[in-house]
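To start, the structure itself, in structure tokens.
Residue numbers (the numbering used here), protein chains in the order written: chain A, 829 to 939; chain B, 829 to 939.
Listed below in structure tokens is the structure:
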């Protein structure tokens, strides 16, 4: 048996940030591309783009900058606000897995 | 904005215990009836019964005893094993909300 958790943040009963959404943003930062990030997350470009737009609307802040064409062929990157949100979220959730693992060990290790 | 979490336990990639399932078991203990517990949880009797059977199969232990008819009109109660699982799960998850709230306060209170 193993413990599992999920953690997210809501605003007006709607998800604004979650582990999944933060991983998507991190994948965009890493790959410089929404479609590469979507593929990495196992979803369609459309789905990834919808999630980003949803977060942007709910947080009322732009999260992803996209340049089309140009000598570099375009690409996407996180805005400073998105970088700050990802950083906050990672700090917020740091230690959760250890907290849960320790408690699980304490109460379920004998089963 | 507010933090949200979910916590559960899996065995062979399948849920064996979760906050929802533990609440269902607690509702059965409280009401002495699967149908009253199902109604309290906002699901059909069938759905509640399926979840219980699923947990019993995955944990390989009987969780709910049901007496039909008799002078008391029948009713359901938790087995000692179910009581022990509920107790373990509640101890396991105790403090999680406080842990998450404190961290949220630390990293998101200024937004």
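Glycine residues also receive a C-beta, built at the ideal position from the N, C-alpha and C atoms.
*Only counting runs of 4 or more residues, tell me where the alpha helix (DSSP H) segments fall wholly within the stretch 848–917 of chain A, in order along the chain.*
Assignment of alpha helix (DSSP H) within the stretch 848–917 of chain A, counting only whole runs of 4 or more residues, yields 862–869 and 873–887 in chain order.
*If you draw a straight line from the alpha carbon of residue 847/A to that of residue 833/B, how long is it in whole angstroms?*
Taking the straight line joining both Cα atoms gives about 11 Å.
*Just reading off the alpha helix (DSSP H) that residue 846/B is part of, what are its end residues?*
Segment 842–846 is the beta strand (DSSP E) holding residue 846/B; no alpha helix (DSSP H) there.
*Starting from the beta carbon of residue 836/A, find every residue of chain B whose beta carbon is closer than 7 Å, and list them in chain order.*
Neighbours of residue 836/A on chain B, chain order: 832.
*From the beta carbon of residue 892/B, is the nearest beta carbon of chain A less than 8 Å away?*
Residue 892/B does not count as touching chain A.
*Around the Cβ of residue 854/A, are there at least 16 other Cβ atoms within 10 angstroms (buried) or fewer (exposed)?*
Burial check for residue 854/A: the Cβ neighbour count within 10 Å reaches 16 or more, so the residue is buried.
*asked:* Can you list, in chain order, the residues of its chain with a C-beta nearer than 8 Å to that of residue 924/B? Leave out the 5 residues immediately preceding and following it.
replied: Closer than 8 Å at Cβ, skipping near neighbours: 833 and 835.
_Any C-beta of chain A under 8 Å from that of residue 844/B_ = A Cβ of chain A is located within less than 8 Å of the beta carbon of residue 844/B.
_Terminal residues of the beta strand (DSSP E) in which residue 835/A lies_ = Its beta strand (DSSP E) spans residues 830–839.
_With a threshold of 8 Å, are at least 3 pairs of Cβ atoms found where one atom belongs to the stretch 885–897 of chain A and the other to the stretch 927–938 of chain A?_
Touching, no.
*Can residue 845/A and residue 856/A be called in contact, C-beta distance under 8 Å?*
Not a contact, by the Cβ cut-off of 8 Å.
_Enclosing alpha helix (DSSP H) for residue 925/A [first to last residue]_ = Its alpha helix (DSSP H) spans residues 924–936.
*Taking only heavy atoms of the ligand MG into account, decide whether any of them is closer than 7 Å to the Cβ of residue 845/B.*
The ligand MG is not part of the structure shown, which contains no ligands of any sort.
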